[in-house]
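Quick mapping for you: the protein sequence lines, in order, are chains R and P.
The opening residue of the first sequence carries number 322 in the working numbering; numbering runs sequentially from there.
The opening residue of the second sequence carries number 2 in the working numbering; numbering runs sequentially from there.
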Amino acid sequence: MLFDYLPLLVFLVMVAALGVGLTFGIPLLGPRHPSTAKGLPYECGIVPAETARRRFSVTFYLTAMLFIVFDVEAIFLYPWAVLVRSTLHIFGLVEMTIFIALLAVALLYVWRKGALEWD
Amino acid sequence: MTTLLSLPPWFPLHFVPASNLVGILPVLIVGGGSVLVLLADLAVPRRGNLVLPVISGVVVLGALGTAVGQWILNATNPVVFNGAFADDRFALFADFVVLLTALAVICLSPGYLRRRGMEEGEYYILLLASLTGMLVLSGATNLIVIFLGVELLSIPLYVLAGFARDEPLSQEAAMKYLLLGGFASGFLLYGMALIYGETGHTGLAAIHQQLLQGALSHSFDPMLLAGIALLSVGLLFKVSAAPFQWWTPDVYQGSPAIVTTFMSVATKVAAFAVFLRLFSATLAPYRSEWEVPIAVVAIISMVFGNLVAVAQTSVKRVLAYSGIAQAGYILIGVAVGSPDGTQAALYYLAAYAFMNTGAFAVLTILSQRGEDCDRYSQLAGLWRRQPLLAGLMALFMLSLAGFPMTVGFFGKFFLFSAAIHDGQLPLAIWGILTSAVSLFYYLRVILVMFTAVPDADSDTAPTLAGLSLEGTAVASSTAASVGIPAGVVVVLAGVGTVVLGIFPALIYTLLQGITVVHG
Chain R
322 MLFDYLPLLV FLVMVAALGV GLTFGIPLLG PRHPSTAKGL PYECGIVPAE TARRRFSVTF
382 YLTAMLFIVF DVEAIFLYPW AVLVRSTLHI FGLVEMTIFI ALLAVALLYV WRKGALEWD
Chain P
2 MTTLLSLPPW FPLHFVPASN LVGILPVLIV GGGSVLVLLA DLAVPRRGNL VLPVISGVVV
62 LGALGTAVGQ WILNATNPVV FNGAFADDRF ALFADFVVLL TALAVICLSP GYLRRRGMEE
122 GEYYILLLAS LTGMLVLSGA TNLIVIFLGV ELLSIPLYVL AGFARDEPLS QEAAMKYLLL
182 GGFASGFLLY GMALIYGETG HTGLAAIHQQ LLQGALSHSF DPMLLAGIAL LSVGLLFKVS
242 AAPFQWWTPD VYQGSPAIVT TFMSVATKVA AFAVFLRLFS ATLAPYRSEW EVPIAVVAII
302 SMVFGNLVAV AQTSVKRVLA YSGIAQAGYI LIGVAVGSPD GTQAALYYLA AYAFMNTGAF
362 AVLTILSQRG EDCDRYSQLA GLWRRQPLLA GLMALFMLSL AGFPMTVGFF GKFFLFSAAI
422 HDGQLPLAIW GILTSAVSLF YYLRVILVMF TAVPDADSDT APTLAGLSLE GTAVASSTAA
482 SVGIPAGVVV VLAGVGTVVL GIFPALIYTL LQGITVVHG
């Protein structure tokens, strides 16, 4: 029975080997030409303006959280959209309607509670 | 059931046979009710109105009525959704207890929330959401559905534990509950993964078949046993059995008293429902393996809970440790494994719901603005101020201790006799010995209420100082804030504690025909 898990063990060894190999192999093998620009923190290509250790509005936190919640839930729409005409039919439509309705209720709640206001 | 609801062919529900939806009707009602309360909260944003508690109460009553209907119409094959959920009488009995507790909590809530200044609509939304999880859990016959139920039950409770937002203790309770609860969920899930890995199934019935084959060939697989052990740890955490109880006192003390009422009773009932289903039905072939560990956990819980409760100075902590000890008693019913043991455990859960809801309800009623009723000094001399409340509290304490003529006595009696019939005499002896210890701290609460006169030195609560002179004034102001629904709940809990203590057959006959289905 335990022998059935051999592929899993091989997989684990490969994962470990890849991680260790990349971590220690790149500094050994790769060419290194350090410069000031390369040492800067990466900010989507823009030259960093100031330190990242400053205070910012707590509203960002709320916005980010709401974004994650609705974004993750919207992901379910993509596989559904692929399958709804071929396999799910009206059953899938009803299920998704219920799902979207619940999302709408959540959005309404967030809206009415003022979480979408910046101040 | 399908004949009851024959749908037109174009109606999309025929993809999900209507009997499935009928089977989970209580879950649908409470879950939908939670959304309804959310919308009502948005429509009626004024604080302190009675719309939300009334809607919540009606929703719970509706679910209760549906569950009663399912009990009466009980189908021959009560398993729905391809064996993922059972609405058998076992689940329905747990549903009754959980729903009645929730109804009591909803009746107590408006007055309590007003006194503590926490009248937020989210309270009722979260309460119903957690209740949905409990109803899912009581009928779950698939590992994934069990996990779904546990999470649905827990996540709203994490928020409710911190509902007194400006009190550090409540914040601490929420944080501890969240972190340790998440940890326990990890154990639960890892155990499920190992069981799935070994048996190749998540349905309890299929797992049972696999285990039967394994038991026949006497090939006990260590990985499967590890899975069962981890699953047990996750569930033992939820029922707060020692040595997985460390969160219980802090969370019970820090949470608002009304949340503790709900958490201590309903969570325990739902978690024990799934525990009983797993161990007395699904894992029965492996009984020789899990019997001793479960019995040991039961004994540790009884000893630890009862001994540590003696040393507490906070009433809520006393009840928390008492809850740990009670979990130990109920675990006797699990360890026994026979139908007798299962019925005794279910009976004890119903008894526990009456006496513990009652005891916490008294604390809820006595909680005033700014803080919960938690110190012994706040109970001191209660007999003079509120004779009825003091009498009922004394009754609940006696029942928790297992005095004759109370429901707690028969609860313990059935459990211990099931253990003795099964040849597990040590369990019964430990139970009786620790019950004797528990008398000490239950009687201390009664003693404080009936004899002690609050003195100004040890007491900082201004309402209690100089009570002997202004006793009547304080009594009238407290009586005014009790409110009719809360008073009715406490009195009914007291009546139930006595009536079921004299006529235990009222519940026990209900339990006679119960067999645990596992899909």
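Virtual Cβ for every residue (Gly too), placed ideally from N, Cα, C.
Just so it is clear, the structure is predicted and the values come from calculations on it, not from any experiment.
Exposed or buried, Y382 (chain R), counting other C-beta atoms within 10 Å across all chains shown (16 or more means buried)? Stepping through the first sequence from its first residue, residue 382 (chain R) is reached at position 61. With fewer than 16 other Cβ atoms within 10 Å, it is exposed.
Taking all protein chains shown into account, decide if L468 (chain P) is buried (16 or more other Cβ within 10 angstroms of its Cβ) or exposed. For this step, residue 468 (chain P) is matched to residue 467 along the second sequence. Per-residue confidence for L468 (chain P) stands at a pLDDT of 37, beneath the threshold of 50, marking its modelled position as unreliable; no derived number is given.
Return the residue from the list R:I367, R:F377 and R:A395 that minimises the CA-CA distance to A427 (chain R). Locating residue 427 (chain R) in the first sequence gives position 106, counting from the first residue. Comparing Cα positions, the closest option is R:A395.
Helix, strand or coil for S241 (chain P), going by three-state DSSP, please let me know. Reading the second sequence from its first residue, position 240 is the one you call residue 241 (chain P). Coil, per DSSP.
In the DSSP assignment, what residue or residues form a beta bridge with A362 (chain P)? Along the second sequence, one-based indexing puts residue 362 (chain P) at 361. Its beta-bridge partners do not exist; DSSP assigns none.
What does the Cβ neighbour count give for T283 (chain P), buried or exposed, with the cut at 16 atoms within 10 Å? To locate residue 283 (chain P), count along the second sequence from 1; it is residue 282. It is buried - the Cβ of T283 (chain P) has at least 16 other Cβ atoms within 10 Å.
Chain-order list of residues whose beta-carbon lies under 8 Å from that of L398 (chain R) (same chain, five-residue window excluded): Residue numbering aside, residue 398 (chain R) sits at position 77 when the first sequence is read from its first letter. Taking C-beta separations shorter than 8 Å and ignoring five residues to either side along the sequence, the partners of L398 (chain R) in its chain run M417, following chain order.
Through-space distance from T380 (chain R) to P369 (chain R), alpha-carbon basis: Counting from 1 along the first sequence, the entry for residue 369 (chain R) is found at position 48. Counting from 1 along the first sequence, the entry for residue 380 (chain R) is found at position 59. Straight-line Cα distance between these residues: approximately 23 Å.
In whole angstroms, give me the CA-to-CA distance for G58 (chain P) and L128 (chain P). Counting from 1 along the second sequence, the entry for residue 58 (chain P) is found at position 57. Counting from 1 along the second sequence, the entry for residue 128 (chain P) is found at position 127. Linking G58 (chain P) to L128 (chain P) through their CA atoms gives a straight-line distance of about 11 Å.
Smallest Cα separation from L132 (chain P): which of P:N75, P:L170, P:G34 and P:T343? Here residue 132 (chain P) is taken as the residue at index 131 of the second sequence, counted from 1. Closest option to L132 (chain P), judged by alpha-carbon separation, among P:N75, P:L170, P:G34 and P:T343: P:G34.
First and last residue of the uninterrupted alpha helix (DSSP H) at C108 (chain P): One-based indexing of the second sequence puts residue 108 (chain P) at position 107. Segment R90 to R117, the alpha helix (DSSP H) holding C108 (chain P).
Are the segment 433-450 of chain P and the segment 300-317 of chain P touching by the rule of at least three beta carbon pairs closer than 8 Å? A contact exists between the segment 433-450 of chain P and the segment 300-317 of chain P.
Mind listing, in chain order, the continuous alpha helix (DSSP H) runs of no fewer than 4 residues lying wholly within the segment 155-218 of chain P? Under the rule that a run must span 4 or more residues, the alpha helix (DSSP H) segments found entirely inside the segment 155-218 of chain P read 169-200 and 205-217.
Is the beta carbon of L401 (chain P) less than 8 Å from the beta carbon of M356 (chain P)? For the purposes of this step, residue 401 (chain P) is taken as the residue at position 400 of the second sequence. For the purposes of this step, residue 356 (chain P) is taken as the residue at position 355 of the second sequence. It is a contact, given that the beta carbons lie within the stated cut-off.
Just how far apart, CA to CA, sit A422 (chain R) and L396 (chain P)? By one-based count along the first sequence, residue 422 (chain R) stands at place 101. By one-based count along the second sequence, residue 396 (chain P) stands at place 395. Near 48 Å, if we compare the C-alpha coordinates of L396 (chain P) and A422 (chain R).
Could you have a look at S469 (chain P) and say whether DSSP puts it in helix, strand or coil? What you label residue 469 (chain P) is simply residue 468 of the second sequence in a count that begins at 1. Bear in mind that the predicted position of S469 (chain P) carries a pLDDT of just 37, short of 50, making it unreliable; the figure below should be weighed with that in mind. Of the three classes helix, strand and coil, the one that applies to S469 (chain P) here is helix, per DSSP.
Considering Cα atoms alone, identify which of R:F332, R:P400 and R:L437 is closest to F388 (chain R). On the first sequence, residue 388 (chain R) is found 67 positions in, with the first residue counted as 1. Minimum Cα distance to F388 (chain R) is reached at R:L437.
G24 (chain P) burial status per 10 Å Cβ neighbour count (16 or more: buried): Along the second sequence, one-based indexing puts residue 24 (chain P) at 23. So G24 (chain P) ends up on the buried side.
List, in chain order, every chain P residue whose beta-carbon is nearer than 7 Å to that of Y430 (chain R). Residue mapping note: residue 430 (chain R) aligns to position 109 of the first sequence, counting from 1. Near Y430 (chain R) (Cβ distances below 7 Å), the residues of chain P are L39 and L43.
For G351 (chain R), I'd like the list of residues in its chain whose CB is within less than 6 Å of its CB, leaving aside the five on either flank, ordered along the chain. Residue 351 (chain R) sits at position 30 when you count from the first residue of the first sequence. Hits under 6 Å: none found.
Straight-line Cα distance separating P169 (chain P) from R375 (chain R): For the purposes of this step, residue 375 (chain R) is identified with residue 54 of the first sequence, where counting begins at 1. For the purposes of this step, residue 169 (chain P) is identified with residue 168 of the second sequence, where counting begins at 1. If you draw a straight line from the Cα of R375 (chain R) to the Cα of P169 (chain P), it comes to about 27 Å.
Under three-state DSSP, which class holds E416 (chain R)? The residue you call residue 416 (chain R) lines up with position 95 of the first sequence. Residue state, collapsed to three classes: helix.
Alpha helix (DSSP H) containing S35 (chain P): first to last residue? Numbered from its first residue, the second sequence carries residue 35 (chain P) at position 34. Counting along the chain, the alpha helix (DSSP H) containing S35 (chain P) begins and ends at L26 to A44.
By Cβ distance, which residues of its chain are closer than 6 Å to V354 (chain P), with the 5 residues on each side in sequence left out? Taking the second sequence and counting its residues from 1, the one referred to as residue 354 (chain P) is at position 353. According to the sequence shown, residue 354 (chain P) is Ala rather than Val. The residues V98, T102 and V266, in chain order, have a CB closer than 6 Å to that of A354 (chain P) in the same chain once the five nearest residues on each side in sequence are set aside.
Quick check: is the beta carbon of V60 (chain P) nearer than 8 Å to any beta carbon in chain R? Against the second sequence, residue 60 (chain P) aligns to sequence position 59. V60 (chain P) does not count as touching chain R.
Give the secondary structure of Q369 (chain P) by DSSP, where H, G and I count as helix, E and B as strand, and everything else as coil. By 1-based counting over the second sequence, the position of residue 369 (chain P) is 368. DSSP places Q369 (chain P) in the strand class (E or B) of the three-state scheme.
Indicate the three-state DSSP secondary structure (helix, strand or coil) for F397 (chain R) in the structure shown. Here residue 397 (chain R) corresponds to residue number 76 of the first sequence, with the count starting at 1. F397 (chain R) falls in the coil class under three-state DSSP.
Take the Cβ of S233 (chain P) as the centre, count every other Cβ of all protein chains shown within 10 Å, and call the residue buried at 16 or more, exposed below. To locate residue 233 (chain P), count along the second sequence from 1; it is residue 232. That one is buried.
Please say whether V491 (chain P) and V408 (chain P) have beta carbons closer to each other than 8 Å? Translated into the one-based positions of the second sequence, residue 408 (chain P) becomes position 407. Translated into the one-based positions of the second sequence, residue 491 (chain P) becomes position 490. Their beta carbons are not under 8 Å apart, which means V408 (chain P) does not touch V491 (chain P) by this criterion.
R386 (chain P) (DSSP reduced to helix, strand or coil): Residue 386 (chain P) sits at position 385 when you count from the first residue of the second sequence. DSSP places R386 (chain P) in helix when its eight states are reduced to three.
How would you write the range of the alpha helix (DSSP H) that W72 (chain P) sits in, first residue to last? In the second sequence, the residue the question calls residue 72 (chain P) occupies position 71. For W72 (chain P), the enclosing alpha helix (DSSP H) stretches over residues V52 to L74.
Relative to the C-alpha of S155 (chain P), which residue among P:K269, P:Q71, P:G66 and P:I503 is closest? Taking the first residue of the second sequence as 1, we reach residue 155 (chain P) at position 154. In terms of Cα proximity to S155 (chain P), the closest of P:K269, P:Q71, P:G66 and P:I503 is P:K269.
Report the CB separation of V335 (chain P) from Q425 (chain P) in whole angstroms; it is logged as a contact under 8 Å. Residue numbering aside, residue 335 (chain P) sits at position 334 when the second sequence is read from its first letter. Residue numbering aside, residue 425 (chain P) sits at position 424 when the second sequence is read from its first letter. Actually they are not in contact, since the Cβ atoms of V335 (chain P) and Q425 (chain P) sit about 12 Å apart, beyond 8 Å.
Straight-line Cα distance separating Y124 (chain P) from N143 (chain P): On the second sequence, position 142 is the one that residue 143 (chain P) refers to. On the second sequence, position 123 is the one that residue 124 (chain P) refers to. For N143 (chain P) and Y124 (chain P), the distance between alpha carbons rounds to 30 Å.
Reduced DSSP category for V517 (chain P) - H, G, I as helix; E, B as strand; rest coil: Within the second sequence, residue 517 (chain P) is the residue found at index 516, counting from 1. It is coil, neither helix nor strand.
In DSSP terms, what R376 (chain P) is bridged to: Here residue 376 (chain P) is taken as the residue at index 375 of the second sequence, counted from 1. The secondary-structure analysis by DSSP pairs R376 (chain P) across a beta bridge with P:S315.
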